[in-house]
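Residue numbers (the numbering used here), protein chains in the order written: chain A, 1 to 485; chain B, 1001 to 1590. Here the structure comes first, spelled out in structure tokens, and everything after it is commentary.
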């Protein structure tokens, strides 16, 4: 009798177990992308922790270091402090140099070096006026600016040499510190190039509190920059273009999203050759116009009507554009960088940072870019781009003398100046990763294929529209499933 | 392997098509006597002009587009009892094959009764023909010195979807927001609410309710770069069909023998795929467009399976084959029409232009207007007998029509001209006037009788117009089981036909309707009418929805039988146990 009962109970238990396996087993549930965003640590209210009178920025930093003793040293190892994180091998040389904002030419304000006292208002430190600034010593730790990233009063402003402007309530700022918000990052990154929306096509003041139509991550999901640009020991992940031999810590869409997220085989097949950004950032500079061209050669004209979006005597003429389709190029994450002093061919457009990769590079994908075109000064004898001093005493903005500006400028960058200058066309690529649109507003098939004109297939290396000619795998090998892309 | 070859052949054809506009040789515009129109000034004959290279006689004989057209009723909406007179015109190759045909000028000539000038008028936008006070002329400066028109001027090529849209409905592939064109001239749009456009509905200019959330394209095939000709291709197009393949022996997986491009261009069969007369249809008795491809539904579900492997993408669907056997692809993939379509046509009173009173469904107020909210409509799912003999549910728009007939045994429709003659000026009727009271009907009857119309009476018919376009992407297709498998599912959802029935006459099903309309028209007290579908007649049993008495009975009997058998079995065991208890030998341990 008991044996029979045990057998029956065992059978029932086995049946229930089988049901449980069927119900609870199987593939794990697919988490929504939001679930992959790390939860920030709980906020610590610093209002009661900070007291006393802060006379300058370093005094605030010293107060911070009492509880966060490693923080300053961590920051001093980041590019936000050094402005020179990337090491590159010099062309035709085995010499490796660290490059960054500190020593690279661009086609906006041209070079930070000769103008560093002004440019360092975006430096995460205090007191950078010239080449004597101490980046490494322990004594310099007090010069790390904690407030630029952590202030939440909105009243913290930096002036020349990165020091707080007169009248800033440092105590209030110190009491307010918290996890960085979009506004903290935006203080510098929205204002790159000398004003809102100047430099980046996908970062401007509208991203501080964006609506969903500006950026789905920040607008719909309320995400902060550091939700994606995840930070460890003050090292912030993310990089527009990798130039050097240092491996950067990238931010990928797939950190949160599936690699093939579309539930549509045709669309998923695109992910091997097309970056997510290409379709999901169909337009840049959605609300705020971004600078597309800067012609320095027209600066200094007397009597010409001034308009910050068209012409300024100190800067030359500009072209702005709003809500425009990006340019597209193959990009494997790395770029070729024009290094200060590198020879140029003044008869053609000088590409200051060319994205690497082409149709034959399996690691490259088609990416959206803002291409900023410039006309800037170069030495006609030495055939390289010059680094004029624009800000400050003797600078072009005060004396409107290019020759003098160049003589002063090369002192900071170590270049020779022949005394003869000319103007050359330049281009800079700015990869786009913000102002992301949801699927409802992403590019459609017909935007690129068929009669769509978003992509120039032949310029990208295809014989024609891959919807009809086949994808790059087909072109190169003759058979591949992706050929149908 | 054959799929790859097919794709390569398709790519070659598409590439050829892309360059065709520039590659076409120069053309001399000829008149009916094969003389240059520059010399004679007579109407251009497309058939003679093109006959230099193409066998236009063969094309005309193998075309469903040549020879006749119905001007007054391009949508084919007029009652079947008496459609307006079809006009016989010469085949007009230019309308479909030049890049910028002037259809308005062409129609104007046809309406004016100058059909011979229709082809000439079609060329108006090319600058080769110009309309002056003296009629159509050919400006000499628009032609090269030798009179031969360069390829770029005409841009002759295979038809683009826009050309098809000139007659068949709204086709739009521009970047600016789509504006709905609601008129009877947009035939498929008017009759079925079909719009062929890749644009997201949310991006259109139409005043559509809830538009912000409608991120789907108007038609997914348009979004995925298909042209009308991608499915409705020439019947002997070698890139699409292999006539010999139908008879290929079993050991062949690919039939390489087919028409050369030269042979095809000489005699392209213009009975386009999708047309029952097309040789493409003949090659596939299942009703397929693209040869005997077969498919998950046995090649008979319709043309969708020519390209789609439904089995591969419907793994989530329970009883997949049962669904394929009972549902057309469109039933789920056209769950909603977001453009309005005609609901009522009332020919019982004369109106301006001899037009009927038209009421549209899916738009507030029933009449196209810039401010009215467009709501679209959910098509009626009606059983349709497919060419494989299988009854499948398919989406339809129902159009109700009212008109006067006369005569006894074989009544004839009273024409609008007769009606106008009997009742006076068209304006008398007014656009909103309707015969909704016995005294009004009687008054019209008396006037018609006075005009010699014998036994006038109002009749009404119901047309079912199958919807094939406006296909939604998979994510927008019907997926919820309850949509159909519920007692009050859409399968029995009444379909509103009309707010008022002229004369109180309920419409009857039109003769020859493709849909098996087993439902009934119900006249409501407020004077409106609706159609109530009934699947019983089509022998389609839908689990959770249908109530067939014998199925219920069978189920009840089965349940009762199981309970009964179990009870008998258990009872027998209990009785046996009791009986056996007294007979058990007494063991030592018991």
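Where is the CB? At the ideal position from N, CA and C, for every residue including glycine. Bear in mind the structure is a predicted one, so any value in this text is a computation, not a measurement.
Please compile the residues from chain B whose C-beta is within a distance smaller than 7 Å of the C-beta of residue i.
i: residue 451 of chain A; result: 1173
Identify the residues that DSSP records as bridge partners of residue i: which are they?
i: residue 284 of chain A; result: A/324
i: residue 1262 of chain B; result: Paired residues: none, contrary to the question.
i: residue 1346 of chain B; result: B/1357, B/1402
i: residue 38 of chain A; result: Its beta-bridge partners do not exist; DSSP assigns none.
i: residue 1391 of chain B; result: B/1385
i: residue 1520 of chain B; result: B/1532
i: residue 275 of chain A; result: Note: residue 275 of chain A sits in no beta bridge, so no partner.
i: residue 242 of chain A; result: A/334
i: residue 164 of chain A; result: A/158
i: residue 231 of chain A; result: A/236
i: residue 385 of chain A; result: A/378
i: residue 1336 of chain B; result: In the DSSP output, where bridge partners are listed per residue, residue 1336 of chain B has none listed.
Whose Cβ in chain A lies nearer than 8 Å to the Cβ of residue i?
i: residue 1225 of chain B; result: 445, 446, 449, 450, 467
i: residue 1198 of chain B; result: 444, 445, 446
i: residue 1187 of chain B; result: Going along chain A, no residue has its Cβ under 8 Å from residue 1187 of chain B, so there is no contact; the nearest lies around 24 Å.
i: residue 1217 of chain B; result: 444
i: residue 1176 of chain B; result: Per Cβ cutoff of 8 Å: no residues; residue 1176 of chain B is ~14 Å from chain A at best.
i: residue 1202 of chain B; result: 440
For the beta strand (DSSP E) that residue i lies in, which residues bound it at each end?
i: residue 86 of chain A; result: 86 to 89
i: residue 1447 of chain B; result: Residue 1447 of chain B -> not in any beta strand (DSSP E); alpha helix (DSSP H) instead, spanning 1438 to 1450.
i: residue 152 of chain A; result: Element bounds for residue 152 of chain A: n/a, residue is neither H nor E.
i: residue 374 of chain A; result: 365 to 379
i: residue 973 of chain B; result: No answer is possible for residue 973 of chain B: the residues shown for chain B start at 1001 and end at 1590.
i: residue 1463 of chain B; result: 1457 to 1466
i: residue 354 of chain A; result: 350 to 355
i: residue 96 of chain A; result: 96 to 99
i: residue 1132 of chain B; result: 1130 to 1132
So residue i contacts chain B; which residues on that side make the cut at Cβ distance below 9 Å?
i: residue 472 of chain A; result: Those within 9 Å of residue 472 of chain A in chain B number zero; the least Cβ separation is about 15 Å.
i: residue 263 of chain A; result: 1474, 1475
Which bits of chain A does residue i rub up against, with CB to CB less than 7 Å?
i: residue 1546 of chain B; result: Correct list: empty, because the minimum Cβ distance to chain A is about 30 Å.
i: residue 1318 of chain B; result: Result: empty, since nearest Cβ-Cβ is about 16 Å, beyond 7 Å.
For the ligand MN, any of its heavy atoms closer than 7 Å to the Cβ of residue i?
i: residue 411 of chain A; result: No copy of the ligand MN occurs in the structure displayed, which carries no ligand at all.
With residue i as the anchor, note down where its alpha helix (DSSP H) starts and where it stops.
i: residue 1562 of chain B; result: 1549 to 1581
i: residue 1495 of chain B; result: Where residue 1495 of chain B is concerned, there is no enclosing alpha helix (DSSP H), although the beta strand (DSSP E) it sits in stretches over 1495 to 1498.
i: residue 1135 of chain B; result: Note, residue 1135 of chain B: premise wrong, no alpha helix (DSSP H); beta strand (DSSP E) at 1135 to 1137.
i: residue 75 of chain A; result: 71 to 75
i: residue 1371 of chain B; result: Unbroken run through residue 1371 of chain B: none, as it is neither H nor E.
i: residue 950 of chain B; result: Outside the shown range of chain B (1001 to 1590) lies residue 950 of chain B, about which nothing can therefore be said.
i: residue 1061 of chain B; result: 1056 to 1061
i: residue 182 of chain A; result: 182 to 189
i: residue 413 of chain A; result: 402 to 413
i: residue 396 of chain A; result: 396 to 399
Which residues in chain A sit within 9 Å of residue i, going by Cβ to Cβ distance?
i: residue 1455 of chain B; result: Those within 9 Å of residue 1455 of chain B in chain A number zero; the least Cβ separation is about 57 Å.
Would you say residue i reaches chain C, if we count a Cβ-Cβ gap shorter than 8 Å as a contact?
i: residue 208 of chain A; result: Absent from the structure is chain C; the protein chains it does hold are A and B.
TODO: Could you tell me which uninterrupted alpha helix (DSSP H) segments, each at least 4 residues in length, are contained entirely in the region 417 to 462 of chain A, listed from first to last along the chain?
DONE: Fully enclosed alpha helix (DSSP H) runs of no fewer than 4 residues occupy 445 to 448 of the region 417 to 462 of chain A, in order along the chain.
**Request:** Return the chain-ordered ranges of every alpha helix (DSSP H) run that is complete within the region 1397 to 1436 of chain B and spans a minimum of 4 residues.
**Result:** Within the region 1397 to 1436 of chain B, the alpha helix (DSSP H) runs of at least 4 residues that lie entirely inside it are, in chain order, 1416 to 1423.
**Message:** Give the list of continuous beta strand (DSSP E) stretches no shorter than 3 residues that lie fully inside the region 293 to 334 of chain A.
**Reply:** 316 to 321, 327 to 331, all fully within the region 293 to 334 of chain A.
| Proximal residues, the region 150 to 170 of chain A versus chain B, C-beta separation under 8 Å | Shown here is that no member of the region 150 to 170 of chain A has a Cβ falling below 8 Å from a Cβ of chain B.
Check each residue of the region 1461 to 1490 of chain B: if its Cβ is closer than 8 Å to any Cβ of chain A, include it; give the result in chain order.
Residues of the region 1461 to 1490 of chain B that bring their beta carbon within less than 8 Å of a beta carbon in chain A comprise 1473, 1474, 1475, in sequence order.
- What alpha helix (DSSP H) runs, 4 residues minimum, are completely inside the region 104 to 162 of chain A? You should have 116 to 119, 147 to 150.
Select from the region 1329 to 1355 of chain B all residues with a C-beta closer than 9 Å to any C-beta belonging to chain A, and list them in chain order.
Residues: none.
*asked:* What are the residues in the region 1138 to 1151 of chain B lying within 9 Å of chain A by C-beta distance?
replied: The residues in question: there are none.
Check: Which residue spans inside the region 1183 to 1248 of chain B form an unbroken alpha helix (DSSP H) run of at least 4?
Finding: Here the runs fully enclosed are 1187 to 1192, 1220 to 1223, 1228 to 1231.
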